[in-house]
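Q:
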Amino acid sequence: MDSQKKKSIISAIKQIAGVDKHSEYVDNYMYATNMRASIYMSLLVIVLEIWMIIRLTKTIIENDLTANLKHYFEAYYLNYFILLGAGIAMLLIALRFVLWKKTDKKYLGTAMKWVFSFICIYFGIKISMQDYAKGEQILTFLTMELFVVCLLTWRPVVGFGILTSSYLIFFYKIGKMPAPNTGEQGLTLASQINSFTMWLSTMLFCISNYRNMLSQALKEERMEKINAHLSRISVEDELTGIHNMVYFRSESEKLMKYVTTDRSKVVFLFFDIENFKSFNEKYGFIEGNVLLKKVANMISDAFPHSLVSRFSDDHFVVLTRFDQSEETAERLSREIGSFQDEIHLQLKCGAYKPDGDETDPSIACDRARFACNSIKKHYDCVYRLYDKVLEDKFQLKQYIVNSIDSAIANDCIKVYYQPVVSTKTGKIVGLEALARWKDPRYGLLPPASFIEILEEYRQIHKLDICIINNVCRDYRNATKNGLPFVPVSLNFSRLDFELCDIVEELKKSAAKYSVPSAFLDVEITESALTDQLGYLQDAMDRLREAGYRIWLDDFGSGYSSMNVLKDYQFDVLKIDMKFLTGFANNPKTRPIISNIVDLTKRLNMISLTEGVETKEQFDFLASINCERAQGFLFSRPVPEEELRKLVSDGKLSFSEEYRSIQV
Ligand code: C2E
Ligand code: MG
Ligand code: MG
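Throughout the sequence shown, residue numbering follows my numbering, covering 33 to 695 in sequence.
#1: Check whether the Cβ of residue 496 lies closer than 7 Å to any heavy atom of ligand 1, and answer yes or no.
#2: Suppose you measure from the CA of residue 296 to the CA of residue 480; what does that come to, to the nearest Å?
#3: If contact is defined by three or more beta carbon pairs under 8 Å, each pair taking one atom from either stretch, is the region 38-54 in contact with the region 106-117?
#4: Do residue 490 and residue 531 count as a contact pair if the criterion is CB distance below 8 Å?
#5: Could you tell me whether the region 603-622 touches the region 648-666, using the rule of 3 or more Cβ pairs below 8 Å?
#6: Can you give me the C-alpha to C-alpha distance between residue 558 and residue 634, rounded to a whole angstrom?
#7: Quick check on the burial criterion: 16 or more other C-beta atoms within 10 angstroms. Buried or exposed for residue 74?
#8: Identify every run of the alpha helix (DSSP H) within the region 84-148, keeping only runs that are complete inside it and at least 4 residues long; order them along the chain.
#9: With DSSP as the reference, label residue 668 as helix, strand or coil.
#10: Tell me which same chain residues have a C-beta within less than 8 Å of the C-beta of residue 410, skipping the five on either side of it?
#11: Is it the case that the CB of residue 451 approaches a heavy atom of ligand 1 more closely than 7 Å?
#12: Mapping DSSP to helix, strand and coil, what is residue 352?
#13: When the Cα atoms are used, what is the spatial distance from residue 355 to residue 668?
#14: Around the Cβ of residue 594, are there at least 16 other Cβ atoms within 10 angstroms (buried) or fewer (exposed)?
#15: Do three or more CB pairs link the region 381-393 to the region 401-420 at distances below 8 Å?
#16: With a cut-off of 8 Å on the beta carbons, I'd call residue 263 and residue 278 a contact; round off their distance for me.
#17: Please state whether DSSP places residue 518 in a helix, a strand or coil.
#18: What residue ranges within the region 546-629 form continuous beta strand (DSSP E) runs of no fewer than 3 residues, ordered along the chain?
#19: With burial defined as no fewer than 16 other Cβ atoms inside 10 Å of the residue's Cβ, what is the status of residue 191: buried or exposed?
#20: For residue 414 and residue 361, which I take to be in contact (beta-carbon distance under 8 Å), what is that distance rounded to the nearest angstrom?
#21: Answer yes or no: do residue 189 and residue 234 have a C-beta to C-beta separation smaller than 8 Å?
#22: For the beta strand (DSSP E) containing residue 383, list its first residue and its last residue.
#23: Within 10 Å of its beta-carbon, does residue 177 have 16 or more other beta-carbons around it, so buried, or fewer, so exposed?
#24: Measuring alpha carbon to alpha carbon, tell me which residue in 165, 205 and 293 is nearest residue 211.
#25: Residue 401 bridges to which residues according to DSSP?
#26: Do the CB positions of residue 57 and residue 306 come within less than 8 Å of each other?
#27: Among the residues of its own chain, which have a CB less than 7 Å from the CB of residue 311, if the five just before and after it don't count?
#28: Taking the Cβ atom as the reference point for each residue, do residue 584 and residue 624 lie within a distance shorter than 8 Å?
#29: Taking buried to mean at least 16 other C-beta atoms within 10 Å of its own C-beta, is residue 313 buried or exposed?
#30: What is the rounded straight-line gap between the Cα of residue 72 and the Cα of residue 65?
#31: Counting C-beta neighbours from all protein chains within 10 Å, is the total for residue 248 16 or more, i.e. buried, or is it exposed?
#32: How about residue 512: is its Cβ closer than 7 Å to a heavy atom in ligand 3?
Here it is, written out as structure tokens:
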């Protein structure tokens, strides 16, 4: 037999015998079960004994036996009173635990249970011996056995001990007594068999009672553990072990409402580990998690007696006293920055001091977060308090998110066109559609005020679909009026491919306004293509299949320009305007641009440089055969009517090459 099997057999035997070790929970459960059972037992004994006392007293009085009172006292009353006393004591102790919930002094309950059981069995034996001598049934003994062994719950070994020893004592005693009917000594075979059967049944009941109790206790213990785990994880962040946001929200709300809290002295802090993403990419998730735990502990230690929680990802929030918060945040940032040299980690902190009666922690956290985001990439700044300037920006942000739908419905989203000219002819060969928000409250908003916000709140596709529709509508109106039109390039956000079927939207709108595919191009910014997302590639294939051209916008602005060129196919490459900065003084700009233009040709793409502001820049681009140019030198982005005015004034002219395909 292998040791595993042996072990399981031994454990099964131990379980049946009840010698296995119990957890504290099971012990308590067993104790509570016994105390509840003791209430019924003791009540029964009390009622019974009172009845016996009344009956005996009545008999003595009715038969005028008061002269023999001493005999009655010794033979009967004393027994009744002992039993009654034990019953009352047991009842009080059990009630103390069950009803009055006094859970201390368990030894008292256990001792009383033993004493009470002993007394019950003792009198069971005594009374039954008297009964036996009178030729009556030995029912009291049997009742008391059932009473003690079956109503109370014992470990089977203990039950066995009580039952067997009392049986042996009782039957040994009456075995020595002459039988009242025959006068013979000893039990008959029938009585022996009956007693054994009774002993066996009681013992079996004792085992089954114990096992039922045990399985119930274990089940409840499991449930209790699950509940405890659930309630722990409902307030604890699994990764870092500090509190989670559910806890933070509810506790900070309570704290802010306490009359004793001086709201003018508290601050909500929002922490963000700058460059955590790069750290994760370089060292992997496991190391990233280790870092998060470390940072969580550092923040907790740095703000004792404060509420500290993990907000999400690498973000933490703290509700603490305002004084010293800036110094502490700066010290933490220095410590975290010194962890390693390869990736510059910095802990950024946004702070929000609630004013007035404001108590909503969600809003407070949002504002602290906003303050924190406002210093992202500002390497010289690690702490920013939410103030009036940020408040205005924050309000605008809320406004943008809440108003995008109505802005679209009320035609507040406008398309401004910026011409793209041919460096050979100087004529307009394309227009870039750039969004503007003409707002009744804020006036004309540039994309910088709303694109990022709409991306953050995953609403950007609504704007881009609106721009597609406006451009297609403009095309249809122009051709209806016999006006010239050139291809328009549309800026797509990376999220458009995630949030909707943007390719289908483009096709739908083009079909609605009968815009030939030659008139619509799609610009995808370089940074959108850094993640290797299958669906982006798929969408680009579908665009190309439908006849649209794809431009790579802002080439050179990100970190993976060359990889993007390797992995994707583009028709036009837009050289980022930052290459032209310092054009006049920096001798390196010319060879760099010239090389990019060469590369573009080799990869069969058209080159376009954006941000052209001077004639000198334009001449240079023409000299190196960069086919197209775009910039303030020709025109800023303007509404269509203004653009047409520039053309009619002779300042710009449309290329003729698209006339023939305009329908
Ligand atoms: P972008 O696609 O790179 O657009 C070029 C930006 O450079 C435009 O800014 C334009 O006004 C500006 N620009 C053009 N020529 C010059 C120049 O000579 N000098 C200088 N300093 N700037 C020049 P704008 O219109 O503010 O747009 C900013 C960005 O917003 C765009 O960059 C584009 O990424 C995004 N955007 C604009 N409209 C939309 C849109 O409808 N959808 C999406 N998803 N993004 C848009
Ligand atoms: Mg663009
Ligand atoms: Mg660009």
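Just so you know, even glycine gets a beta-carbon here, dropped at the ideal spot from N, CA and C.
A: So, from the listed chains and residues:
#1: True, at least one ligand heavy atom lies under 7 Å from that Cβ.
#2: Going from the Cα of residue 296 to the Cα of residue 480 covers about 35 Å.
#3: No, because fewer than three Cβ pairs between the region 106-117 and the region 38-54 fall closer than 8 Å, the two stretches do not touch.
#4: Yes, the pair counts as a contact, with Cβ atoms nearer than the cut-off.
#5: At 8 Å Cβ cutoff, the stretches touch.
#6: The straight-line gap from Cα to Cα measures roughly 19 Å.
#7: So residue 74 ends up on the buried side.
#8: DSSP runs (the alpha helix (DSSP H)) wholly in the region 84-148: 101-104 and 110-130.
#9: Residue 668 falls in the coil class under three-state DSSP.
#10: Residues of the same chain with their beta carbon placed closer than 8 Å to that of residue 410 are lacking, with the five preceding and five following residues left out of the count.
#11: Ligand 1 has no heavy atom closer than 7 Å to the beta-carbon of residue 451.
#12: Strand, per DSSP.
#13: A direct Cα-to-Cα measurement between residue 355 and residue 668 gives close to 49 Å.
#14: So residue 594 ends up on the exposed side.
#15: With three or more CB-CB distances shorter than 8 Å, the region 381-393 counts as touching the region 401-420.
#16: Their Cβ separation, rounded to whole angstroms, is 11 Å, which puts residue 263 and residue 278 out of contact at 8 Å.
#17: Correct three-state label for residue 518: coil.
#18: Runs of the beta strand (DSSP E) inside the region 546-629: 552-557, 581-587 and 604-607.
#19: Classification for residue 191: buried.
#20: Residue 414 to residue 361, Cβ: 6 Å. Contact.
#21: Against a cut-off of 8 Å, the Cβ pair of residue 234 and residue 189 comes out as no contact.
#22: In this chain, the beta strand (DSSP E) harbouring residue 383 covers 378-384.
#23: With at least 16 other beta carbons inside 10 angstroms of its own, residue 177 counts as buried.
#24: With distances taken between Cα atoms, residue 211 lies closest to 165.
#25: Residue 401 is not bridged to any residue.
#26: No Cβ-Cβ contact shorter than 8 Å links residue 57 with residue 306.
#27: For residue 311, where only same-chain residues beyond five positions count, the Cβ hits under 7 Å are 320, 323, 375 and 377.
#28: Their beta carbons are not under 8 Å apart, which means residue 584 does not touch residue 624 by this criterion.
#29: With fewer than 16 Cβ atoms within 10 Å of its Cβ, residue 313 is classed as exposed.
#30: Spanning the two alpha carbons is a distance of roughly 11 Å.
#31: Counting Cβ neighbours within 10 Å, residue 248 comes out exposed, since fewer than 16 surround it.
#32: No, ligand 3 has no heavy atom inside 7 Å of this Cβ.
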